[in-house]
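Comments concern the structure below.
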Ligand code: NAP
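Numbering (the working numbering), first residue to last: 1266 to 1728.
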C-alpha cells in the first residue's frame, strides 16, 4: 500500500514526536524517561499490538507473583495526563499492520521495545512431539496471552520435565506444583484454572545441565519452592552436595548453594506433589508412542573448564509434558539490522547501528537491545540510557513528514488498524477487576481472547 496523504515539505512540527513500539516495562520506562526530559519536551505515542499494556508484567510474570505485578502502578504513570504520552493499543507494526517506514513518516524517532518473544530449541529428537513446549508458549498459556488461547497443555500425566536453571524454569515448576485453590486467587483466566484443577501432575522434574553451584535462579525464587504448601522438594545430585562442592564467589549463588545443601537431605515425604531438582543432566531425546511425549531420556554430564560434556550414561524420566525454559531470542524487525547469534538488534547504548554506523532516528531498549536477562527494574536503567542517546540526537533527527500529530490516525485507517486508547484499556481493566470479584479472592481475572479483550475495551458499561 502506498501513502495517500500529500507530503508537507518544511512544515516544522510543534514538538518532536517519538513512537515507542511495545508497552512492556522497557517501553513504558522509556516513555517515562522521555516525559521527564527537561531538555526539549517531546510527545510520545506508545504502540502495542495488544489492546492491553504492560507486556511481560502481564504476560511473563507468573500469576502467583502478585506483588511483582504492583510495578504497574509505576509503569502507568506516563499516561496520567492523557496528552503528552498516549497509549495506542491493538496496533501491529510491520507486515500485518502499519509498516515501519509509514510510521517513520509521522515520528522523528522510533524506540523499539519489543522484547525477546521466540523460544529457543534444544535441537534434540522428539522435540516436536505433542506435550513438548517452549517456555514462552507455556507461560503465555497460563498468563492468558491472546496468542496462546488455543494451546491446551496436557496435564494428564503425573510426570512433567522442565529443562533449565533460570527463574522461568522455577516459575513453571511452581505454577504446576501449587495447589489449584491457591492459583484461584491469582489472575489466571478461567480456562487455565479449569485445566489446573483437573491436573494429574504430581512430580515436576527440573533438569539442570550444570552442578548446583552454577544455577541461575535468584535465591528469593528458589526459596519459594521450598515454602510451597503440600509440596516436597527433592534434590538429585549423586551425593555431590554432601561431599561438598567448591564455594561460588557470587553472593546469590552462595545463597542458592546453602538452600540446596539443606534440601539435599530431604527424604520423600507425604506431600501431594514433589519438585525434583536434577543436576548435571541434559535431555538428549524425547520419546513417546502416537506422537505424544511419554519419556525423556537424560544423559549425565560433567563440567570441564566451564564446558558441559555428556558422559554417555543415560536414564529415563516419565513425563507427559516437557517444557524447555532455556532462554529466549528476539525476533528480527523488518527494516532494521539483526544479530542472529545473540537474537538482538545491534546497537550502541540504544542507538541502532548498521555496520557500525547509527541508523538515524532508530533506537532500542529492553530485551531486544541487550538480550533476555535481568529483572523488571533492570529495564529502567536500560531505558534511561537509550533515552539519553535519543535526546542527545534530537537536533539531528530526521524530519517527520507530517506536522500534525493526529495524522497518524488516518494512516491507521488506511491500513485497517483500529487502535484502542488508554480509556478503552481502562474499560478492559475494570472488566477484569469485576471478574476477580465474581471469582472471589482474586484481584482480577484476565480476559484472554483477543475478541473478548476488544469487546471489553469498547464497552463502557463496566466503568
Ligand atoms: P536464564 O536465567 O538465562 O536461564 C536459562 C537457563 O537455561 C540457564 O540455566 C541455562 O543453563 C539453561 N540452558 C540454556 N541452554 C540450555 C540447553 N541447551 N540445555 C539445558 N539447559 C540450557 O533465562 P530465563 O529463566 O528464561 O529468564 C530470563 C530472565 O528473566 C532472567 O534474567 C531471569 O532472572 C528473569 N526472570 C526473573 C523472574 C523473577 O524475578 N521472578 C522470573 C522469570 C524470569 P546455563 O546456565 O548452563 O547456560
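The beta carbon of each residue, even a glycine, is placed where N, CA and C say it ideally should be.
Can you round the beta-carbon distance between residue i and residue j to whole angstroms, since I take them to be within the 8 Å contact cut?
i: residue 1545; j: residue 1565; result: 6 Å
i: residue 1467; j: residue 1538; result: 5 Å
i: residue 1288; j: residue 1325; result: With 8 Å as the limit, residue 1288 and residue 1325 do not qualify as a contact, their Cβ atoms being about 13 Å apart.
i: residue 1631; j: residue 1647; result: 6 Å
i: residue 1418; j: residue 1586; result: 6 Å
i: residue 1536; j: residue 1428; result: At roughly 23 Å, the Cβ-Cβ gap does not stay under 8 Å, so residue 1536 and residue 1428 are not in contact.
i: residue 1641; j: residue 1322; result: 7 Å
i: residue 1685; j: residue 1362; result: Not really, about 13 Å apart at Cβ, beyond 8 Å.
i: residue 1525; j: residue 1506; result: 6 Å
i: residue 1448; j: residue 1329; result: 7 Å
i: residue 1299; j: residue 1568; result: Not a contact, Cβ separation roughly 45 Å.
Less than 7 Å between the CB of residue i and some heavy atom of the ligand NAP, yes or no?
i: residue 1337; result: no
i: residue 1483; result: yes
i: residue 1571; result: no
i: residue 1543; result: no
i: residue 1436; result: yes
i: residue 1606; result: no
i: residue 1428; result: yes
i: residue 1501; result: no
i: residue 1446; result: no
i: residue 1363; result: no
i: residue 1475; result: yes
i: residue 1330; result: yes
i: residue 1486; result: yes
i: residue 1293; result: no
i: residue 1470; result: no
i: residue 1593; result: yes
Can you grab the Cα-Cα spacing for the pair residue i / residue j, in whole Å?
i: residue 1442; j: residue 1488; result: 14 Å
i: residue 1391; j: residue 1714; result: 30 Å
i: residue 1582; j: residue 1552; result: 10 Å
i: residue 1671; j: residue 1663; result: 19 Å
i: residue 1617; j: residue 1690; result: 31 Å
i: residue 1407; j: residue 1572; result: 34 Å
i: residue 1344; j: residue 1624; result: 29 Å
i: residue 1295; j: residue 1416; result: 33 Å
i: residue 1292; j: residue 1285; result: 6 Å
i: residue 1450; j: residue 1712; result: 15 Å
i: residue 1306; j: residue 1707; result: 40 Å
i: residue 1396; j: residue 1637; result: 25 Å
i: residue 1465; j: residue 1439; result: 15 Å
i: residue 1493; j: residue 1373; result: 50 Å
i: residue 1385; j: residue 1434; result: 13 Å
i: residue 1445; j: residue 1436; result: 15 Å
i: residue 1266; j: residue 1600; result: Because the pLDDT at residue 1266 is just 41, under 50, the model does not fix this residue reliably, and the point stays unresolved.
i: residue 1491; j: residue 1483; result: 13 Å
i: residue 1380; j: residue 1596; result: 8 Å
i: residue 1673; j: residue 1368; result: 8 Å
i: residue 1710; j: residue 1510; result: 45 Å
i: residue 1272; j: residue 1370; result: Because the pLDDT of residue 1272 is 44, which lies under 50, any placement of that residue in the model is unreliable, and the question is left without a value.
i: residue 1277; j: residue 1327; result: Because the pLDDT of residue 1277 is 46, which lies under 50, any placement of that residue in the model is unreliable, and the question is left without a value.
i: residue 1301; j: residue 1353; result: 20 Å
i: residue 1634; j: residue 1602; result: 12 Å
i: residue 1649; j: residue 1561; result: 44 Å
i: residue 1282; j: residue 1411; result: 30 Å
i: residue 1350; j: residue 1340; result: 12 Å
Is residue i buried or exposed, if buried means 16 or more other CB atoms sit within 10 Å of its CB?
i: residue 1605; result: exposed
i: residue 1676; result: buried
i: residue 1478; result: buried
i: residue 1723; result: exposed
i: residue 1574; result: exposed
i: residue 1335; result: exposed
i: residue 1348; result: exposed
i: residue 1579; result: exposed
i: residue 1533; result: exposed
i: residue 1554; result: exposed
i: residue 1338; result: exposed
Can you tell me which residues form a DSSP beta bridge with residue i?
i: residue 1593; result: 1384
i: residue 1413; result: BP columns for residue 1413 are empty, so no partner.
i: residue 1424; result: 1468
i: residue 1588; result: 1398 and 1427
i: residue 1627; result: 1375
i: residue 1569; result: 1572
i: residue 1550; result: 1562
i: residue 1579; result: 1564
i: residue 1354; result: 1685
Verify the CB distance criterion: does residue i have a CB-CB separation below 8 Å to chain E?
i: residue 1592; result: As a matter of chain content, chain E is missing from the structure shown, which is built from one protein chain.
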